[in-house]
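Going down the list, the sequences are from chains H and Y.
All residue numbers for the first sequence refer to our numbering, where the first residue is 303 and numbers rise by one.
All residue numbers for the second sequence refer to our numbering, where the first residue is 4 and numbers rise by one.
Beta carbons: idealized from backbone N, C-alpha and C, even for Gly.
Note sheet for the following structure.
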Amino acid sequence: MTATLQKKICMLGAFSVGKTSLVRRYVSSVFSDAYLTTVGVKIDKKAVDLDGRTVNLILWDLAGEDDVNALRLSYLRGAAGYVLVADGTRPATLDVALSLRGRVENDYGPLPFVLLLNKNDLPDQWTITEGDMIGLRNAGWWVRSSSARTGEGVEDAFIDLASRTLR
Amino acid sequence: MSTSSPEPLEWLLRPPSGENGFDRKALAALLLDIARNVRPELAGTPDAAPATDIRLEQLRTLLMGHEIELLARLSNILDDPEQLAAAVGRILPTAFAQATGDARLGQVLAPSLEKATQTSIRNDPHTLVNILYPLIVPAIRKSIGETIDRTFQSLNETLKHSLTLRGLAWRWEAWRTGLSFAEVVLKHTLVYQVEHVFLIHRHTGLLICHAAAENAASQDPQLVSSMLTAIQDFVRDSFSGAENQGIDTMRLGELTVWSEPGPIATLVAVIRGKPPEELHDSLNAALSRIHQERHQALQDFDGDGTSLADVEAELTECVALRQARPQKTRFGFPWLALPIAVAVLLFVSARVTRSWQEDRRWDHYLAQLRALPGIVVTETGRRDGKFTLTGLRDPLAADPQQALGAMEIDPANVIARWAPYQALDPQIVLKRLAATLDPPPDVRLSIDGDRIMAEGAAPAAWLERARAIARTLPAGAPILDLASIRNLDAQADRRWDDYVARLRAQPGIVVTETGQRFGKFMIAGLRDPLALDPEVALTEAGIDPAHVIARWAPYQALDPQIVLRRLQATLTPPPTVRFVVEGDRIVAQGSAPSLWLERAHMAARILPSGAPVFDLDAVKTVSDGAIGKLRDDIQARTIRFDNNEPLPASGQDALLDQLADDLKALETLAPSLHVVARVMLTGHSDALGKGTFNLSLSLARAEAVRALLRKRGVDPDLLQVRGAGDLEPILAQPTEAARSANRRVSFTVELEEQL
Ligand SMILES: Nc1nc2c(ncn2[C@@H]2O[C@H](COP(=O)(O)OP(=O)(O)OP(=O)(O)O)[C@@H](O)[C@H]2O)c(=O)[nH]1
Ligand SMILES: [Mg+2]
Numbered sequence: 303m304t305a306t307l308q309k310k311i312c313m314l315g316a317f318s319v320g321k322t323s324l325v326r327r328y329v330s331s332v333f334s335d336a337y338l339t340t341v342g343v344k345i346d347k348k349a350v351d352l353d354g355r356t357v358n359l360i361l362w363d364l365a366g367e368d369d370v371n372a373l374r375l376s377y378l379r380g381a382a383g384y385v386l387v388a389d390g391t392r393p394a395t396l397d398v399a400l401s402l403r404g405r406v407e408n409d410y411g412p413l414p415f416v417l418l419l420n421k422n423d424l425p426d427q428w429t430i431t432e433g434d435m436i437g438l439r440n441a442g443w444w445v446r447s448s449s450a451r452t453g454e455g456v457e458d459a460f461i462d463l464a465s466r467t468l469r
Numbered sequence: 004m005s006t007s008s009p010e011p012l013e014w015l016l017r018p019p020s021g022e023n024g025f026d027r028k029a030l031a032a033l034l035l036d037i038a039r040n041v042r043p044e045l046a047g048t049p050d051a052a053p054a055t056d057i058r059l060e061q062l063r064t065l066l067m068g069h070e071i072e073l074l075a076r077l078s079n080i081l082d083d084p085e086q087l088a089a090a091v092g093r094i095l096p097t098a099f100a101q102a103t104g105d106a107r108l109g110q111v112l113a114p115s116l117e118k119a120t121q122t123s124i125r126n127d128p129h130t131l132v133n134i135l136y137p138l139i140v141p142a143i144r145k146s147i148g149e150t151i152d153r154t155f156q157s158l159n160e161t162l163k164h165s166l167t168l169r170g171l172a173w174r175w176e177a178w179r180t181g182l183s184f185a186e187v188v189l190k191h192t193l194v195y196q197v198e199h200v201f202l203i204h205r206h207t208g209l210l211i212c213h214a215a216a217e218n219a220a221s222q223d224p225q226l227v228s229s230m231l232t233a234i235q236d237f238v239r240d241s242f243s244g245a246e247n248q249g250i251d252t253m254r255l256g257e258l259t260v261w262s263e264p265g266p267i268a269t270l271v272a273v274i275r276g277k278p279p280e281e282l283h284d285s286l287n288a289a290l291s292r293i294h295q296e297r298h299q300a301l302q303d304f305d306g307d308g309t310s311l312a313d314v315e316a317e318l319t320e321c322v323a324l325r326q327a328r329p330q331k332t333r334f335g336f337p338w339l340a341l342p343i344a345v346a347v348l349l350f351v352s353a354r355v356t357r358s359w360q361e362d363r364r365w366d367h368y369l370a371q372l373r374a375l376p377g378i379v380v381t382e383t384g385r386r387d388g389k390f391t392l393t394g395l396r397d398p399l400a401a402d403p404q405q406a407l408g409a410m411e412i413d414p415a416n417v418i419a420r421w422a423p424y425q426a427l428d429p430q431i432v433l434k435r436l437a438a439t440l441d442p443p444p445d446v447r448l449s450i451d452g453d454r455i456m457a458e459g460a461a462p463a464a465w466l467e468r469a470r471a472i473a474r475t476l477p478a479g480a481p482i483l484d485l486a487s488i489r490n491l492d493a494q495a496d497r498r499w500d501d502y503v504a505r506l507r508a509q510p511g512i513v514v515t516e517t518g519q520r521f522g523k524f525m526i527a528g529l530r531d532p533l534a535l536d537p538e539v540a541l542t543e544a545g546i547d548p549a550h551v552i553a554r555w556a557p558y559q560a561l562d563p564q565i566v567l568r569r570l571q572a573t574l575t576p577p578p579t580v581r582f583v584v585e586g587d588r589i590v591a592q593g594s595a596p597s598l599w600l601e602r603a604h605m606a607a608r609i610l611p612s613g614a615p616v617f618d619l620d621a622v623k624t625v626s627d628g629a630i631g632k633l634r635d636d637i638q639a640r641t642i643r644f645d646n647n648e649p650l651p652a653s654g655q656d657a658l659l660d661q662l663a664d665d666l667k668a669l670e671t672l673a674p675s676l677h678v679v680a681r682v683m684l685t686g687h688s689d690a691l692g693k694g695t696f697n698l699s700l701s702l703a704r705a706e707a708v709r710a711l712l713r714k715r716g717v718d719p720d721l722l723q724v725r726g727a728g729d730l731e732p733i734l735a736q737p738t739e740a741a742r743s744a745n746r747r748v749s750f751t752v753e754l755e756e757q758l
């Protein structure tokens, strides 16, 4: 039968920060350098075992926000949590992530979320300091640097988020 | 008959009009022929028949009156465009209905329809929305279904059937029967069956429950339900006015997707074939039963479907609904097509195309860069989805960033590293020269082969600078040719050269450097402070001092002229002394006080080696001259006194006069010789009498003589007095003669050099 436990998780962030890549890394363990921008939404599913139960994460990979396309907040309806993604090599994307988080909170109230500073395999272009991360953590955020290329931090983020949606 | 209806008759009697008229002659002949057949004895020729025989017309009306009337009406309709349009309009729907079997109809209409739609959308996108909105109304559900149907059909066909056995069989059938492939597909899908039923939580879009027909192809229903929700969200968002009304019908090839919204959950049925409207009622009934029985559980749903597992029974009943026996074999649900449908609806644009275009633009950009002077591309590539580019760039070359913008390449996608270098391309060297040389407006720089030609006229200073820069151009760079530049400052140059020559000839001046710098003349060297003042010489040469930069370091010159001047300045010789240069000697002539002479000898001794000799031999001391004679004359005289008398003995007036003249001569001569003269008058007494008395008597005698000399015009300041008493006798014998000689006033002259 079908109905086990499902949780809707949304991927949010500026364009080209690696939302799609993170989902692909997490769901299919692959990575590609090609950039195919997401238009609208792409849906994926990943089953995880948490506390002896299978939880199906329904991952809504939303189109990245840029100057032209604002996020359609309606896609977040019914989400149990979300992954905020910023690109550690482009500081502006962190601002976008913070702004997105504010807007989501406005419309849907506090929801569990994690913040991933992605592309940490590019240390020479990295612009986020340890201090920035500590500041966010002190604000109570779950923050990690991650890489869809190497997979670092990816699994952790989804597992942590999933377990928090169960509480 | 005919008499009762005169109008057709008149119409018939009208003369023939053009081609539409009929041939009365032929008709008459025909009638005659008939008559002859009835009664062969009847003769006559058609020619005999009158052109307008009223009976003929009557006969014609009799025979064809009805048809003529009908024809008249039809021709009326055909001639009037409005009537014709109305008439065609009446039959057009039926005509289309009849023609649907004809594939050509669609082909003929499609281009005009496409064009009309495009124009309409371009003019106002809202038109599309407004068109789509009423389509959601159930009455037109069918037509929207067909529209979408057409969109998906080809997709599905190619995806689904082209490589399956079934698809090949149907293609074979289509080829065999001459029907279109679509028609064959339709023929096989006339029966409907509910294949999948999804119960989807409206708020979260999560699947509550799912049931499928036994033989239905299956894919992840959880994913499918989320995708369906996403489509609904998109439609709701995109078409304002449809906020609460998502799509209730969707066609995916031969499958119809019906969405029945309930208060908490939506029931979605995937139906193969063409379902009847009554199916809506069955599905809605099931949905409301579920809502009724499991209301609380539905409300509490948060992704955990376990408590609602029993709803599946209800869904399975829906799945059993069908109108006829399902086909033995059929297509699976085009699961593959569903994500693609999502893609189409959401206008997913494959970045592949975009990135291909980007690659083209990038290549083009690189080609442009390579052609630019002052830019050397050493390496290109791609990393992390970005273009990488390294190379050398002359700071004067075009800005690669700018070219990027012109090529419509996002600079954020490009990582470029440019190392600076000095390009030797003539264009760049020209640019650099133009920047550093700052040529005056009359100078033009141009490229001629691998030379840079300068033409025009320029001030000398600029020319000199240009020459200096031309010399420092690196090897391999184009040559800067200045030969065609006319020097604007030739005359000023000549004046300057004269000036420099004059300075060089001057004693006490050593020119070490001359030139032109920053548009000014430049001169540097050593100058003795006693030499000619170059500033003065400048004014004399008529050169503006503002155009000259001069730097003079002081030094001690050893030219005899200068040494002479220096000696003159330091020794301040009395006017009785003259210095002359004889060869490389400086000879002093005349007379001078001995003290001055002493200093002069000293100076001569400390002159630096290499300096001219300072010859003082010809200088006599002052006392040797006139003043010495005066001194000796004055000192040789004495004034005598009688015993005990303070005034001079009589008979000495002439003596006193002579003395006064000598003193006055001394008085005038001394200052001219820079000599201070002092004359001491000493009074003496004989040894008779008491010592104290003698002392005051001797002083009184000296005072008396001074008074007498003063009376004769001698400056009293020149004269000093003292009394010696009897302590400085000339003769010591105790004789009257000796005593008389001792009673006197004597003179001593002191000549002292003025300092
Ligand atoms: N080096 C590196 N590149 C990454 C990483 N994650 C993503 N990328 C690259 O970044 C580009 C964008 O990745 P996507 O996953 O498509 O980004 P997105 O956030 O989904 O973008 P949109 O859908 O347009 O909003 C692609 O070229 C990826 O290969 C990472 O961790 N490291
Ligand atoms: Mg994406």
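Which same chain residues, not among the five before or five after residue i, have their C-beta less than 8 Å away from its C-beta?
i: I546 (chain Y); result: A495, R498, W499, Y502, F524
i: R709 (chain Y); result: L684, P719, L722, V724
i: D409 (chain H); result: L375, L378
i: V260 (chain Y); result: L231, T252, M253, R254, V271, A272, V273, I274
i: Q86 (chain Y); result: N79, I80
With respect to the beta strand (DSSP E) encompassing residue i, which residues constitute its N-terminal and C-terminal limits?
i: L506 (chain Y); result: It is not in any beta strand (DSSP E) - L506 (chain Y) instead sits in the alpha helix (DSSP H) that spans 493-508.
i: T381 (chain Y); result: 378-386
i: G768 (chain Y); result: The structure shown has nothing for residue 768 (chain Y), since chain Y only spans 4 to 758.
i: V200 (chain Y); result: 196-204
Quick one: residues in its chain with C-beta nearer than 7 Å to the C-beta of residue i, no 5 flanking neighbours on either side, listed in chain order?
i: G21 (chain Y); result: In this prediction, G21 (chain Y) scores a pLDDT of 45, lower than 50, which makes its location untrustworthy; the coordinate-derived value is nonetheless stated afterwards. No residues qualify anywhere along the chain.
i: G728 (chain Y); result: S688, G694, N697, L698, S701
i: P563 (chain Y); result: V584, D587, I589, P615
i: A556 (chain Y); result: L529
What residue from the options has the CA that sits closest to residue i's CA?
i: D620 (chain Y); options: Y:E601, Y:D536, Y:P462, Y:D445; result: Y:E601
i: I552 (chain Y); options: Y:G528, Y:L535, Y:D562; result: Y:G528
i: S330 (chain H); options: H:S318, H:V341, H:L361; result: H:L361
i: L561 (chain Y); options: Y:P510, Y:G308, Y:F582, Y:D428; result: Y:P510
Quick check on the burial criterion: 16 or more other C-beta atoms within 10 angstroms. Buried or exposed for residue i?
i: S449 (chain H); result: buried
i: N745 (chain Y); result: buried
i: S675 (chain Y); result: exposed
i: V332 (chain H); result: exposed
i: S594 (chain Y); result: buried
i: S401 (chain H); result: exposed
At which residues does the alpha helix (DSSP H) containing residue i begin and terminate?
i: Q101 (chain Y); result: 84-102
i: W465 (chain Y); result: 463-475
i: Q736 (chain Y); result: Looking at the DSSP string, Q736 (chain Y) is not in any alpha helix (DSSP H), and its letter there is neither H nor E.
i: I430 (chain H); result: First-last for I430 (chain H): undefined, no H or E at that position.
i: T306 (chain H); result: Run containing T306 (chain H): none; DSSP gives neither H nor E here.
i: F644 (chain Y); result: Element bounds for F644 (chain Y): n/a, residue is neither H nor E.
Ignore the nearest five residues each way along the sequence and tell me which others in residue i's own chain have a CB closer than 6 Å to its CB.
i: V616 (chain Y); result: R588
i: A289 (chain Y); result: E317, C321
i: T154 (chain Y); result: Any answer about T154 (chain Y) is weak, because its pLDDT of 43 lies below 50 and its placement is not dependable; what the coordinates show is given next. Result list for T154 (chain Y): empty, nothing under 6 Å.
i: K344 (chain H); result: D363
Note down, in chain order, every chain C residue with its Cβ under 8 Å from the Cβ of residue i.
i: L424 (chain H); result: No chain C is part of this structure, whose protein chains are labelled H and Y.
Using a threshold of 6 Å, is the CB atom of residue i nearer than that to any non-hydrogen atom of ligand 4?
i: K277 (chain Y); result: Of the ligands one can find in the structure shown, namely ligand 1 and ligand 2, none is ligand 4.
- request: Jot down the residue ranges of each uninterrupted alpha helix (DSSP H) in the stretch 561-641 of chain Y, minimum 4 residues, whole runs only, in chain order.
  value: You should have 563-574, 597-608, 629-638.
task: Identify every run of the alpha helix (DSSP H) within the stretch 385-460 of chain Y, keeping only runs that are complete inside it and at least 4 residues long; order them along the chain.
output: If only complete runs of 4 or more residues are kept, the stretch 385-460 of chain Y shows the alpha helix (DSSP H) at 403-409, 429-440, in order along the chain.
field: Completely contained alpha helix (DSSP H) runs for the stretch 369-414 of chain H, where each covers 4 or more residues
entry: Correct list: 393-410.
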